[in-house]
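Student:
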Amino acid sequence: MPSSVESSLSSNSNEPERGNVLGEIPVIYEEDDEQSETKERSCLERASQCWKESINSIRRPISDCVLAIALHAARNPYLYIIGIIHLSFTMVAYGLFTGFHMEVDAENLYTVYGSRIIEHKRWIDQESGFGKYNARMFILMVHADGANVAGNEGIRKCFNALNALTNTPGYTGVCSDAAYVGMDGSHTCDVRGVTRFWNGNLTQYSQQVTSDVAARAALSASAYPDGAAVDLPEILGNYQIDDDGNVTFAESYILTIPLPFTKEAKDFEAEALDKLLDMQKEWDQGGNSFRLEVQAERSPHDESEPLIPLVFVVMSGFTMFVFWSYDRVKSRTMVGFGAVVSVLLAVMTGYGFLFLLGVPFTMMTPILPFVMFGIGLDDAFIITGAFDRTDPRRDPVERMDLAFQEVGLSIFMTTATTSLAFGLGCISSIPAVGWLSLYAFPAVVFAFLYQISFFVAVCVLDARRMESNLMDCCCCITADRDLSNQPPIKRIRETPSHNVSLSRRFIAWFARAIMHPWIKVLVILSFAGLAVFCAIRMTRLKNDFKVSDVVPEDSYTLRFYGAMGEYGHRGKIIPAAYFRGVDQSNEQVQNEMEQFVKDLVSLDQFGFEPPFFWLRDFNLFVSSNSTYNSTSYVGALAFKEQLAVFLQDPGFQRTYGSDIILNEDGEILSSRCIMYMTNLDMDDTEDQIDAVYSQRRVASEQSINRGQDDWNFFTYEINYYIWEFFAVARKELLSTAATGIVSVSVLGFLLIPHWSAVFYVFPMITVLCVDLLGFLQICGVTINAVSYMAVMMSIGLLVDFIMHILLRYYESTKATREAKAIDSLEAMGHSLFLGGLTTFLGIVPLAFSSSKLLQTVFTAFAAMVALGVTHGLILLPVVLSLVGTTDCIRLESEDRISSIRAIIKKRHPHKTATSSDASQSGTTVSSITVSVDGGKSEGLEIVLVP
Numbered sequence: 001m002p003s004s005v006e007s008s009l010s011s012n013s014n015e016p017e018r019g020n021v022l023g024e025i026p027v028i029y030e031e032d033d034e035q036s037e038t039k040e041r042s043c044l045e046r047a048s049q050c051w052k053e054s055i056n057s058i059r060r061p062i063s064d065c066v067l068a069i070a071l072h073a074a075r076n077p078y079l080y081i082i083g084i085i086h087l088s089f090t091m092v093a094y095g096l097f098t099g100f101h102m103e104v105d106a107e108n109l110y111t112v113y114g115s116r117i118i119e120h121k122r123w124i125d126q127e128s129g130f131g132k133y134n135a136r137m138f139i140l141m142v143h144a145d146g147a148n149v150a151g152n153e154g155i156r157k158c159f160n161a162l163n164a165l166t167n168t169p170g171y172t173g174v175c176s177d178a179a180y181v182g183m184d185g186s187h188t189c190d191v192r193g194v195t196r197f198w199n200g201n202l203t204q205y206s207q208q209v210t211s212d213v214a215a216r217a218a219l220s221a222s223a224y225p226d227g228a229a230v231d232l233p234e235i236l237g238n239y240q241i242d243d244d245g246n247v248t249f250a251e252s253y254i255l256t257i258p259l260p261f262t263k264e265a266k267d268f269e270a271e272a273l274d275k276l277l278d279m280q281k282e283w284d285q286g287g288n289s290f291r292l293e294v295q296a297e298r299s300p301h302d303e304s305e306p307l308i309p310l311v312f313v314v315m316s317g318f319t320m321f322v323f324w325s326y327d328r329v330k331s332r333t334m335v336g337f338g339a340v341v342s343v344l345l346a347v348m349t350g351y352g353f354l355f356l357l358g359v360p361f362t363m364m365t366p367i368l369p370f371v372m373f374g375i376g377l378d379d380a381f382i383i384t385g386a387f388d389r390t391d392p393r394r395d396p397v398e399r400m401d402l403a404f405q406e407v408g409l410s411i412f413m414t415t416a417t418t419s420l421a422f423g424l425g426c427i428s429s430i431p432a433v434g435w436l437s438l439y440a441f442p443a444v445v446f447a448f449l450y451q452i453s454f455f456v457a458v459c460v461l462d463a464r465r466m467e468s469n470l471m472d473c474c475c476c477i478t479a480d481r482d483l484s485n486q487p488p489i490k491r492i493r494e495t496p497s498h499n500v501s502l503s504r505r506f507i508a509w510f511a512r513a514i515m516h517p518w519i520k521v522l523v524i525l526s527f528a529g530l531a532v533f534c535a536i537r538m539t540r541l542k543n544d545f546k547v548s549d550v551v552p553e554d555s556y557t558l559r560f561y562g563a564m565g566e567y568g569h570r571g572k573i574i575p576a577a578y579f580r581g582v583d584q585s586n587e588q589v590q591n592e593m594e595q596f597v598k599d600l601v602s603l604d605q606f607g608f609e610p611p612f613f614w615l616r617d618f619n620l621f622v623s624s625n626s627t628y629n630s631t632s633y634v635g636a637l638a639f640k641e642q643l644a645v646f647l648q649d650p651g652f653q654r655t656y657g658s659d660i661i662l663n664e665d666g667e668i669l670s671s672r673c674i675m676y677m678t679n680l681d682m683d684d685t686e687d688q689i690d691a692v693y694s695q696r697r698v699a700s701e702q703s704i705n706r707g708q709d710d711w712n713f714f715t716y717e718i719n720y721y722i723w724e725f726f727a728v729a730r731k732e733l734l735s736t737a738a739t740g741i742v743s744v745s746v747l748g749f750l751l752i753p754h755w756s757a758v759f760y761v762f763p764m765i766t767v768l769c770v771d772l773l774g775f776l777q778i779c780g781v782t783i784n785a786v787s788y789m790a791v792m793m794s795i796g797l798l799v800d801f802i803m804h805i806l807l808r809y810y811e812s813t814k815a816t817r818e819a820k821a822i823d824s825l826e827a828m829g830h831s832l833f834l835g836g837l838t839t840f841l842g843i844v845p846l847a848f849s850s851s852k853l854l855q856t857v858f859t860a861f862a863a864m865v866a867l868g869v870t871h872g873l874i875l876l877p878v879v880l881s882l883v884g885t886t887d888c889i890r891l892e893s894e895d896r897i898s899s900i901r902a903i904i905k906k907r908h909p910h911k912t913a914t915s916s917d918a919s920q921s922g923t924t925v926s927s928i929t930v931s932v933d934g935g936k937s938e939g940l941e942i943v944l945v946p
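For the sequence shown, position 633 matches number 633 in the UniProt record's numbering, and the numbering has no gaps at all.
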């Protein structure tokens, strides 16, 4: 509906317009309307205008929706604050008690979807009859820092360590549930190690061994007293034997104690572990040359650090400091605290939602809050920046209306692009990456929703507090009027231009400084050189994974793996060849089984024939006269009877009883052969990738497996999953990054109503990703599960630094490229810099973590912040000032104001109009003052048609 506004006269100097909706608003004179002329636009201009109108038809309902939510929250602040707090706590509590599930099995986390490894592991654990492959293992290692331990004293140390374990209350009860049957016929834990030569009895050992020579002679036996064959690589580390087969040297003893998967075993493990760690400290401090290393099932997951509360405190302190002021009324520390709380509530809601859906919680999921504080606080600073640029004499709800008309679409777009980047991570073939992205996606969405509702409500309440002259923090206390020479209402309602912070002044100076021609040249050359350098270093990225990446530096687990790699490396990688789904009594099948083992041994990674293979020893047994008077006796029996006789031998029973699974009729259901990879370089990921694919190639080429989805012959080893992860990680990282870059560019193209947007978004995000990967390589970060997920999250955050500046540039009403670039930096630079700083502060505690996992995350995000801030606040404005468009893409109401300014500036360069109360909708203007050159004033009437 048209409205008339009477203008009053005043004298004013001729100043260039400020571009602020609350500043000077030029007025269209009716006398000039008849003189306006329209020029014919080119085909490109018409197409651009058509595209602008089409995209604005998408943007307008989005802007209206965001604005509606923000205004409803501004008008009902208590409803939103109480409601969101209640929703967040309810969601997380309900989720924890219903669908919460913690996934700590590395195989389930990092095994590629659809991999044969998953099916093979499931079959071994659930159907084969062998039991869980990775039983709850207690592993003890005794060494002397590389010295020879093959002697009397070393074995006594093994007994001392084992007795500390077996004397822990509950050991007998726990082991009674084990599947292993001892010599006395009772169920017990199958202790594998040198103590087995004396049935685990220290007294028996002391009676039989009194010297190093006697000890080594016992170690050289081919069988244990119970008849089981001795597997030296299993019990000795880096051992040596002489020509007669006698052990002469060993760097370590290894004792393995498998515990059953029961709750009692888990509780026992915790108590026994504490006792063994105490013994470890005693050995270290006792002045002896021996060392004890311990590894338990729960070891990698024991030492998580409570860093999230620390981050909350750091973020709260920083944001409160940003909004703090000496003036007790103008200080807004509670706004800063409210911004941090809104992010925390968003994380709680997102986590609770995913808990309800049953998405597993992993060891990487706790990293997400560090990222979310940076994302959420970015939006909070942008909202408060726009809110502060409004006229403080207005009602807080009106100010929030104007603020969201300015930045509502901007924060929506960055949320959309960040969510899209995380959403693409959900389709990763690696479960840990997909699950982390699933947690991130709703958390980002809830952070946006809570910023435009909960945080808006906090800002409005704080503004009303200042209007009521109430003190910050102590909002029930009215400030003394003597604290200022000005009346309270005047102090609160002074114009923002009179209260510009030092940081904003610096941004204004910086924006103009980088526009100097020689600085532009320097910026372009510097960033181009950085991109080339990082691209070269990116090509040198390597795959690597060490246990040290996921445990604290002072962890006993790290000590164990370090010692195992140095003193017990041989026999560390122990795959098993499995045979299933075939008639293993058939001679042809047996030949194929033996051929499969021979083909595996021919691979470079396998150093020798497996020392124990039941089929080989069975055939020797049948053709031997060692047990029966005539070979024909055993040979005349059917295979089933032959196997029964074979397993009746105590030695064969204890050696192969757990490797052959029989049905009720005595027929073989499945069997296995333990093998050793001794020629595998554990520091060379390419060698590991070759190992997993080479054995898979051998299995696929077996005639019995051809045409089979479920192979009858295959090998399995617990390290296969991480080796396959190495094989796909680099390719998937690059492909996912490329997909993310393209998707974000397309989204920007669709939401920024100018065809040129994609030509800035795509190359800028590409350069940022290249620089990030190159920077990580320079810092010594390798591609592994940790760095992979950190890089994926970083890509989602890099978009924010680009989109805010770019969108503001397109919406700027300035006439020249440089002016638009400066306006973009002045409007968004301060908020983006604070957002980057808060993201950095949020991850600083990770730098002091003793876990390399968290240190890697810190490196990735620190690089992301540094690159994002510099590219967004330096490179992009310079590029836009050189090749940016001069078009303006504001929505319809903003377009009307821009056209008013353009016409007035052209027709009446000495006339300006200012307003102290103007609606940005363009439908109402009041209290307008028109200044005419020379001080002459005239009364005018304008009509603005919506």
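C-beta atoms are modelled at their ideal positions from N, C-alpha and C, and glycine is treated no differently.
#1: Output the distance between the C-alpha atoms of THR870 and VAL844, rounded to the nearest integer angstrom.
#2: List the DSSP bridge partners of GLU724.
#3: Between the region 748 to 755 and the region 770 to 782, can you find at least three pairs of beta-carbon atoms closer than 8 Å?
#4: Just reading off the alpha helix (DSSP H) that GLN708 is part of, what are its end residues?
#5: Based on Cα-Cα distance, which residue from GLY423, GLU293, TYR224 and GLU269 lies nearest to TYR171?
#6: Quick one: is MET564 buried, meaning 16 or more other Cβ sit within 10 Å of its Cβ, or exposed?
#7: Going along the chain, which residues of its own chain have a beta-carbon closer than 8 Å to the beta-carbon of ALA576, five neighbours each way excluded?
#8: Identify the continuous beta strand (DSSP E) that holds GLN295 and give its terminal residues.
#9: So what does PRO258 bridge to, in DSSP terms?
#10: Pull the bridge partners of ALA478 from the DSSP assignment, please.
#11: Consult DSSP for ARG216 and reduce its assignment to one of helix, strand or coil.
#12: Assuming ALA228 and ARG580 form a contact by the criterion Cβ under 8 Å, report the distance between their Cβ atoms to the nearest whole angstrom.
#13: When DSSP labels each residue in this structure, what does GLN702 get in the three-state scheme?
#14: Could you check where the beta strand (DSSP E) with CYS673 kicks off and where it finishes?
#15: Give the single residue among GLY872, LYS852, LEU846 and ILE874 whose Cα lies nearest to the Cα of ALA862.
#16: Helix, strand or coil: how does DSSP classify VAL601 here?
#17: Under a three-way DSSP split, which group does ARG654 fall into?
#18: Nearest to THR557 by alpha carbon, out of VAL294, ILE704, VAL634 and THR678?
#19: Flag this pair as touching only if the region 729 to 749 and the region 791 to 811 have three or more C-beta atom pairs under 8 Å; answer yes or no.
#20: Is the region 191 to 209 in contact with the region 153 to 165, if contact means three or more CB pairs nearer than 8 Å?
#21: Could you check what DSSP says for ARG570 in three-state terms: helix, strand or coil?
#22: Are the C-beta of SER624 and some C-beta of chain D separated by less than 7 Å?
#23: Can you tell me the Cβ-Cβ gap for GLN688 and PHE726, rounded? I've got them flagged as a contact below 8 Å.
#24: Which residues mark the beginning and the end of the alpha helix (DSSP H) in which ALA866 is found?
#25: Report the rounded CA-to-CA distance for TYR721 versus ALA513, giving the unit in angstroms.
#26: Taking 7 Å as the limit between beta carbons, can you name the residues of its chain near VAL149, skipping five residues before and five after?
#27: If you count every other CB in all the chains shown that lies within 10 Å of the CB of HIS101, and 16 or more means buried, which is it?
#28: Pick from GLN855, VAL767, LEU273 and VAL341: whose alpha carbon is nearest that of ILE536?
#29: Indicate whether LEU67 and PHE448 have their beta-carbon atoms separated by less than 7 Å.
#30: Can at least three beta-carbon pairs, one atom from the region 437 to 447 and one from the region 367 to 377, be found at a separation below 8 Å?
#31: In terms of alpha-carbon separation, which member of LEU882, GLU234, GLY408 and TYR205 lies closest to GLU153?
#32: Which one of GLU467, ASN543, ARG697 and PHE652 has the shortest CA to CA distance from SER602?
#33: When DSSP labels each residue in this structure, what does GLY237 get in the three-state scheme?
#34: Could you please give the first and the last residue of the uninterrupted alpha helix (DSSP H) stretch that includes LEU776?
#35: Quick test of the definition: if touching needs 3 or more C-beta pairs under 8 Å, does the region 428 to 443 touch the region 106 to 123?
#36: Does the region 76 to 93 come into contact with the region 448 to 468, if we say contact requires no fewer than three beta-carbon pairs (one atom in each stretch) closer than 8 Å?
Tutor: This is what the structure holds:
#1: Distance between the alpha carbons of THR870 and VAL844: 19 Å.
#2: DSSP, once it has assigned bridges, lists no residue as partnering GLU724.
#3: no
#4: Where GLN708 is concerned, there is no enclosing alpha helix (DSSP H), given that its DSSP letter is neither H nor E.
#5: Of the candidates GLY423, GLU293, TYR224 and GLU269, GLU269 places its Cα closest to the Cα of TYR171.
#6: buried
#7: Apart from the 5 residues on each side of it in sequence, ALA576 sits with its Cβ closer than 8 Å to the Cβ of ARG672, CYS673, ILE674, MET675, THR715, TYR716 and GLU717 in its chain, given in chain order.
#8: Boundaries of the beta strand (DSSP E) harbouring GLN295: 291 to 295, taken from the DSSP string.
#9: MET137
#10: For clarity, residue 478 is Thr in the given sequence; the question names Ala instead. Its beta-bridge partners are LEU470.
#11: helix
#12: Contact doesn't hold; Cβ gap of about 24 Å is too wide.
#13: coil
#14: 668 to 674
#15: LEU846
#16: helix
#17: helix
#18: Here the closest residue by C-alpha is VAL294.
#19: yes
#20: yes
#21: Summary for ARG570: the model assigns pLDDT 48, below 50, so the residue's position carries little reliability; its value from the coordinates is reported in the next sentence. In this structure, ARG570 counts as coil in the three-state DSSP scheme.
#22: The structure shown has no chain D; it contains just one protein chain.
#23: Between PHE726 and GLN688 the Cβ distance is about 6 Å, and since that is below 8 Å, they are a contact.
#24: 852 to 870
#25: 53 Å
#26: VAL142, HIS143, ALA250, GLU251, SER252 and TYR253
#27: When all chains shown are included, HIS101 counts as exposed.
#28: VAL767
#29: no
#30: When C-beta atoms of the region 437 to 447 are compared with those of the region 367 to 377, three or more pairs fall below 8 Å, so the two segments count as touching.
#31: It is TYR205.
#32: ARG697
#33: strand
#34: Counting along the chain, LEU776 sits inside the alpha helix (DSSP H) bounded by residues 758 to 778.
#35: yes
#36: yes
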